[in-house]
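A short worksheet on the structure shown next.
Chains as they are written, first to last, in this note's numbering: chain A, 3 to 321; chain B, 499 to 846; chain C, 5 to 450.
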């Protein structure tokens, strides 16, 4: 650590009575760094920006000219949004599907979060035979394509489990909004391998002396899990929460199979997918539809982002 | 024109049931594990008193208790995984040895078909290109960006911009990029890429037709989506680097470059592995990008897309399952790497 | 902290506001009440006795066409008290097998591929139609149509909607201005193409890109040409694999189609060269006609919905279609088309009642009146068909001279008809030669 020769800049900085954060910022954000980050940000934003411009252009313009001609020939219309938000399909309107999306997504995020953090804790900090193999097994299950799981899982719900002619589990026989339970179940199954993998990596990085100290104090595993581990892995929980939220919110396949496409249960993606019409002739509506569906995930991301603030982890370890 | 809220009520009720079930299951489990062991602890204490009186040994007890604990912690996860993924994985493997209608056993026919297909070699090469490039490039961009905007003035906004594509579904993203690559032989271009080429004096091109360039153009879509994932996880890891380490390095007069390689990189190594491994697996499984953009035409096919087409579009369950099993096999190197990692972690 | 929380609350309020805003503009629920016995319900008498029962239907029909569908059987629902629960999905072909195999089949499904229908019959999932439905179907549809849903002598579903694919779209307005005439023979059509090409415009435009179904418009092209060069017998043998896919007659048809589709002088008006056909979406394929950049576009009757807003589709309007001419008119009038069949996965009496009703003339007329729909139902009254292209289509379907054949790619096994055939056509457009393409497809047909 002592091999580095201090540069003039660092020397000058050290004498400055600024906050630590400001100093770090000054170091990393040289002019090139700013430039590079702006270039990346612009590159990443342009396609979405183009989509946004398209969404406020009239149908004929979208279909015949590029979105950049908007700047030389601005024609604004909210028709696309109006069609997406207020056109009433025979199968109901967007608000209904919006509620379905919420009802599907919230439990589908909470269940895997809880189950996976419990499992990850056990796999990282409990001593039992074969735990590494259990962990590797769960990890490897990530590769199973969920498409291959659709038919067996659907059968599990609709006919139950029969082993050698004996019904050991009855069919679920759910109707209408009760089918949400099937979707929660399916999403939770499919999310667990990744969730356990991600959370295990964070939990196993926690300092061992902390756990040891708690054990010595006589804390049980559930207590350690609740009072020490959970607060420490908040950033990881937030990160996984965001991904799972996005995945479920944007999912079309699982919802179509386990909830059906009616307005009692189908999420927004189902409605948005059918907006283009049977033969796709109304695809200009998709531009507005895409933006309507992005709003909620973005709000979730922005509100969960504060969990990533610096020192959350480091601070609690010290305390 | 009114909205019938009464019709929506059952949904909220159902959502409430779901949340109640959640609290009951998770809370109940924790409570159970809290109460029962303390009951046993008290009994054990009593036994201990009795044992110390009689002088019998009791060292093995504790370990057993830990195993039982772990079992209950793992129970929900293992149960769900068994139903939702283990059974389907076994079923898929069995189906891969059966015919298209899953009626008769055909031995290795489906695997023979797989390697007899001329196009399969192309599919394998493409999958390899995908799985090598996507994790590397997406992680690279995510890492650079996470480091660059860390503690910058508009950090939240800057991160949201990169994260934005994550909020769009794979299908939606592919449609957006198809517009970027769109081609018009006459008149105005409506695709951005061709417009740039034309305004620079070049000839417009049909980007998605030419192999192998088209595969790289499709990979761009995946990178565009997944860089946000890498950025979020790595950013969380960077923020978790203990302040005192950074402070100490700073007092030593480390340059930003040295800081990155000596402090940041080693500290976020576990997170980096998580990102690369996750992206590799996600890339192996990706199918909607290729399906939406080219449907595997023009030599752009990958295994997962072909698997989906075989099993769901063509009703060739056997062949689709064989391709899925092949995916299982491809993930083995990653699993082995993970085992070695775990061993190292245990030793170190 | 408090600030952050209130900001969050604000965001949530914003989202809820959006939801409420949407909510405020919705329409009320339409509660049904059985009003059997009233005058207009007389026609539904034979379907009565299932009040309060529910029948689920699954199809690929969605959005506006879904609305029309619901409207078409509204009276039936009101009178009989049967509730029809229809669900349309763009993933229909992939999802239906999953639902059926998963033990969660719909009561009825509108299946557009006889090949898929046969798969469900072979798996023992589809129920043969009841006696009423059978009588109704035989009364209203020709044997030509019913044979596509007949497996091993058993009828498994009556046809519903149909479409005519043997159409060439053109602009009557432009034709009038330039003094071109609508060709009635193949040779005339080629002469016209040459004439247009000589005037500096590429005569033909085409687009076969269609997401994960890319290639299907080209397969229609080939089938239509084969039906003309080889005749219906060769066509039937080809779709049932009695002759190999790469039979010389098929190669002839492909090459003949190539004289238009792979002719740089003829295509691709408004888009570029031959290869641009592969990347032009099917939805946009014919639109250059309205801009005068192309004159002819071979596509089915349902292309009427793809024209830009404000385009008049009529014999004296901006665009219209003419019959894709026969090569040898003495052999009759070959017509390629498609349609869907109403298959039943349940045989409850109310399901059979709905299945019978959908095969009836009453239903066909009820649906046709709402617009944008064609059927081969013999009871369909031409006066009930509002739109000119649909009128033309129904006229062709009911014409005695018509030799109708179903879209071949829907008859073949899905791995060929929705797989290698589509992909082969894409490769063919992209420069691969006829023999290699046909050999590849033949190799994939097991």
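No residue lacks a Cβ here, since even glycine has one placed at the ideal position from N, Cα and C.
- Comparing C-alpha distances from residue 302 of chain A to each of A:262, A:267, A:106 and A:244 shows the shortest one belongs to A:244.
- Against chain C, the beta carbon of residue 217 of chain A has no neighbour under 9 Å; the closest one sits roughly 32 Å away.
- Counted as a single uninterrupted DSSP element, the beta strand (DSSP E) harbouring residue 167 of chain C occupies residues 161-168.
- Nearest in C-alpha terms to residue 693 of chain B, of all of A:71, A:288, A:78 and A:309, is A:71.
- Out of C:113, C:127, C:176 and C:220, the CA that lies nearest to the CA of residue 598 of chain B is found in C:127.
- Along the stretch 248-272 of chain A, the positions whose C-beta sits under 7 Å from a C-beta of chain C are 258, 259, 262, 263 and 264, read in chain order.
- Residue 173 of chain C: not part of any alpha helix (DSSP H); member of the beta strand (DSSP E) spanning 171-174, first to last residue.
- Between the alpha carbons of residue 182 of chain C and residue 269 of chain C lies a gap of roughly 19 Å.
- Taking residue 266 of chain C as reference, the option from C:64, C:435, C:187 and C:410 with the minimal CA-CA separation is C:435.
- In chain order, 248 make up the part of chain A whose C-beta sits under 7 Å from the C-beta of residue 664 of chain B.
- For residue 391 of chain C, none of the residues of chain A pass the 9 Å Cβ criterion, the least Cβ distance being about 15 Å.
- What residue 589 of chain B touches in chain A, judged by beta-carbon distance under 7 Å, is 154, going in chain order.
- In terms of Cβ geometry, residue 433 of chain C and residue 255 of chain C do not form a close pair [threshold 8 Å].
- With a threshold of 8 Å between beta carbons, residue 507 of chain B makes no contact with chain C.
- Non-local C-beta neighbours of residue 624 of chain B in its own chain, meaning closer than 7 Å and more than five positions away in sequence, comprise 713, 798, 799 and 800, ordered along the chain.
- Take residue 283 of chain C, set aside five residues on each side of it, and the residues of its chain with a beta-carbon closer than 6 Å to its own are 213, in chain order.
- For residue 90 of chain C, the secondary structure class from DSSP, reduced to helix, strand or coil, is strand.
- The beta carbons of residue 669 of chain B and residue 776 of chain B sit no closer together than 8 Å.
- As the crow flies, the alpha-carbon of residue 280 of chain C is around 16 Å from that of residue 427 of chain C.
- Here residue 170 of chain A is exposed. Its C-beta has fewer than 16 other C-beta atoms within 10 Å.
- Note that the stretch 191-201 of chain A touches the stretch 227-246 of chain A; at least 3 beta-carbon pairs, one per stretch, sit closer than 8 Å.
- Where residue 255 of chain C is concerned, the enclosing alpha helix (DSSP H) starts and stops at 252-265.
- Remark: C-beta atoms of residue 176 of chain C and residue 319 of chain C approach each other more closely than 8 Å.
- In the displayed model, residue 80 of chain C falls within a helix according to three-state DSSP.
- In this structure, residue 422 of chain C lies away from residue 301 of chain C, with their beta-carbon atoms at least 8 Å apart.
- In its chain, beyond the 5 residues on either side, 86 and 354 have a beta carbon closer than 6 Å to the beta carbon of residue 57 of chain C.
- In this structure, residue 366 of chain C and residue 47 of chain C form a Cβ contact; the two beta carbons are roughly 5 Å apart against a cut-off of 8 Å.
- Of the other Cβ atoms in all chains shown, 16 or more fall within 10 Å of the Cβ of residue 285 of chain C; this residue is therefore buried.
- Taking 8 Å as the cut-off, the Cβ atoms of residue 324 of chain C and residue 317 of chain C count as close.
- Within the stretch 379-415 of chain C, the complete alpha helix (DSSP H) runs of at least 4 residues fall at 392-402 and 412-415.
- Interface with chain A (8 Å Cβ-Cβ cutoff): residue 313 of chain C is included.
- With 16 or more other CB atoms across the displayed protein chains lying within 10 angstroms of its CB, residue 250 of chain C is buried.
- The DSSP-derived three-state label of residue 246 of chain C is coil.
- Interface annotation, residue 776 of chain B: in contact with chain A, CB-CB separation under 8 Å.
- For the 8 Å CB-CB criterion, residue 106 of chain A and residue 215 of chain A do not form a contact.
- With a threshold of 16 other beta carbon atoms within 10 Å, residue 666 of chain B meets it and is buried.
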